[in-house]
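The sequence shown begins at 5 in the numbering used here and counts up one residue at a time.
Just so it is clear, CB atoms sit at the ideal spot from N, CA and C, and this is done for glycine as well.
Keep in mind that this is a model prediction, so the values were computed, not measured.
Working notes, structure below.
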Amino acid sequence: MLDVREPRLRPYALEGNFGLEREALRVTAEGRMAHTPHPFPADHAHIVRDFCENQTEINTHVWPTEAEAVAELRALNDETLRTILHAREYLWPFSNPPPLHGEEDVVPARFVGALSGKASYRDYLATKYGRYLMTFCGIHVNFSFGERLLAASGVDKNGLYLHVAAGSVLWGWIVVALTAASPVADSSLFLLDGGGGDTFTGFASVRCGDLGYWNHFTPVNDFSSVDAYAEAVQQYVRRGLIAAPSELYYPVRLKPRGANRLETLVSKGIDHIELRCVDLNPFAGGGVDARDVTFIKLFFLWCAARPAARMTERDQVQAVRNFKNAARYDIDAARILLPNGTSASVRETGLRLLASMEGFFAGFSSEVTGILAFERDKLEHPESRYAALVQERFSGTFAEKGLALAKKLTEAADV
């Protein structure tokens with residue numbers, strides 16, 4: 005464990021490193037999925053493709069503050085908008101896709117030559133999960149503890165990240181509840197032969213809920229050591245449940261520096277932790293509010309100081325269920341099952357968790373206090389949640405209003 009409240013650690017408590025990943029779909033001036041080739045060179049260091057040819061992924065540098073990471077994300081977002089505007093294309097601002105017109109409307113990313121294996125892998129995913137699930141987009145937050153904090157604490161780095169990952173699996177549902185922003189979807193997302201009009205599924209985040217992109221089994225990982233963690237993931241490959249470790253769709257990942265391979269994780273150790281369950285925020289530049297990124301840092305620090313979490317198979321299956329329950333729209337009806345076997349609503353449990361964090365960070369800066377108050381307000385006043393605002397402002401004509409917002413954001417990006 006690492007407790008940043010200790011006097012010797014307080015000077016370095018809030019230091020860390022941040023990297024952001026963000027996916028977004030290119031759409032035409034009519035709000036259709038763009039079918040043009042990826043408009044950036046294959047060697048572009050920070051603007052690449054994910055599953056779809058029109059699914060643009062931005063990867064920032066690693067930065068010492070969340071503000072700098074968000075600033076670069078927004079700058080790269082503007083670069084993307086300037087480039088695609090030449091083809092009269094825009095970036096869809098939501099985690100749920102625009103209207104879809106059959107599976108052929110979702111074109112897997114095209115890779116050739118030495119990279120043709122990437123194309124084959126996407127074909128495999130399309131066959132196994134269907135192309136529609138591949139259109140979901142979101143934000144991944146990568147965080148590493150500051151080097152001065154690690155040095156002053158004297159903790160084992162691998163042990164710390166494994167400890168935080170276990171806590172994040174048990175309690176990370178709070179991030180879903182606070183950042184969900186995709187309650188409205190075009191009905192074509194659920195009708196392969198098209199459709200039209202809006203659908204409200206009862207989820208605040210479709211991609212993080214039962215209808216989202218999950219494996220066909222519930223993973224149970226081993227956080228006792230790096231070797232055990234890697235072996236647990238590799239077992240799924242050997243058993244044929246997944247084709248590669250990258251197919252393990254889990255809210256939390258432990259990653260090495262450099263190439264994200266299990267072999268590298270084992271040989272070089274854990275460099276950072278990734279949280280993958282943040283929706284695109286259509287009200288924030290670049291798709292993410294820096295205050296939410298700061299909250300995730302505070303959450304990791306809180307997890308670092310908590311007692312070691314029980315991580316039995318039951319606990320882990322229950323934890324994944326909690327992530328899905330936290331994605332529901334009605335946070336009073338949806339429930340969180342706690343490790344002691346009791347349950348309470350997402351709202352009640354979330355407020356308890358935030359109260360624990362507020363007590364933990366008492367005496368820290370006014371910025372920390374303000375961040376926690378910002379998140380608390382979402383639960384005390386659910387109408388202020390991103391999901392509620394999207395539901396209020398974009399229901400009825402989701403496709404039309406979504407396209408109008410996409411064009412407005414392009415105009416505001418100084419293109």
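Looking at the DSSP output, Thr-203 sits in a beta bridge with Ala-189. In the structure shown, Trp-96 adopts coil according to DSSP, grouped into three states. Between the stretch 335-342 and the stretch 209-222 there are fewer than three inter-stretch CB-CB distances shorter than 8 Å, so the stretches are not counted as touching. Taking a cut-off of 8 Å on C-beta distances, the stretch 20-40 touches the stretch 133-148, as three or more cross pairs fall below it. Linking Asn-63 to Gly-367 through their CA atoms gives a straight-line distance of about 34 Å. Secondary structure at His-90: helix, using DSSP grouped into helix, strand and coil.
Remark: C-beta atoms of Ala-294 and Val-66 do not approach each other more closely than 8 Å. Assigned with DSSP and collapsed to three states, Gly-20 falls in strand. Cβ contact annotation for Trp-306 (same chain, cutoff 7 Å, sequence separation greater than five): Met-361 and Phe-364, in chain order. Under the 10 Å beta carbon count, Lys-132 is surrounded by fewer than 16 other beta carbons and is classified as exposed.
Of the other Cβ atoms in all chains shown, 16 or more fall within 10 Å of the Cβ of Ser-192; this residue is therefore buried. Fully contained in the stretch 262-299 are the following alpha helix (DSSP H) runs of length 4 or more, in chain order: 266-272. When only Cα atoms are considered, Ala-17 and Glu-70 end up about 14 Å apart. Residue pairing by DSSP puts Pro-112 in a beta bridge opposite Cys-56. Assigned with DSSP and collapsed to three states, Glu-384 falls in helix. Per DSSP, Val-256 is not a residue of any alpha helix (DSSP H); the beta strand (DSSP E) it occupies stretches across 256-259. For Leu-195, there is no enclosing beta strand (DSSP E), as DSSP marks it with neither H nor E.
When secondary structure is reduced to three states using DSSP, Thr-131 falls in the helix class. Distance between Val-372 and Ser-124, taken at the CA atoms: about 46 Å.
Between the alpha carbons of Trp-96 and Val-321 lies a gap of roughly 33 Å. An exposed status is given to Gly-400, since fewer than 16 other beta-carbon atoms sit within 10 Å of its beta-carbon. By the CB criterion at 8 Å, Pro-260 and Leu-279 fall outside the cutoff. Residue nearest to Leu-89 within the set Lys-122, Glu-396, Phe-44 and Leu-104 is Phe-44 (criterion: CA-CA distance). For the pair Ile-178 and Gly-354, the Cα-to-Cα distance works out to about 6 Å. The continuous stretches of beta strand (DSSP E) do not include Gly-163, which lies in the alpha helix (DSSP H) extending over residues 161-175.
Between Tyr-165 and Asn-219, the gap from beta carbon to beta carbon reaches 8 Å or more. Here Phe-299 is buried: its Cβ has 16 or more other Cβ atoms, across all protein chains shown, within 10 Å. Looking at Arg-257, Val-31 and Ala-130, the one whose alpha-carbon comes closest to that of Ala-236 is Arg-257. CA-CA distance, Glu-19 to Leu-153, rounds to 7 Å. In chain order, Pro-386 place their CB closer than 7 Å to the CB of Ala-392, counting only its own chain and leaving out the 5 sequence neighbours on each side. Pairing Gly-273 with Asn-146 gives a Cβ-Cβ distance that is not under 8 Å. Across the set His-276, Arg-14 and Phe-115, the C-alpha of His-276 shows the shortest separation from the C-alpha of Ser-148.
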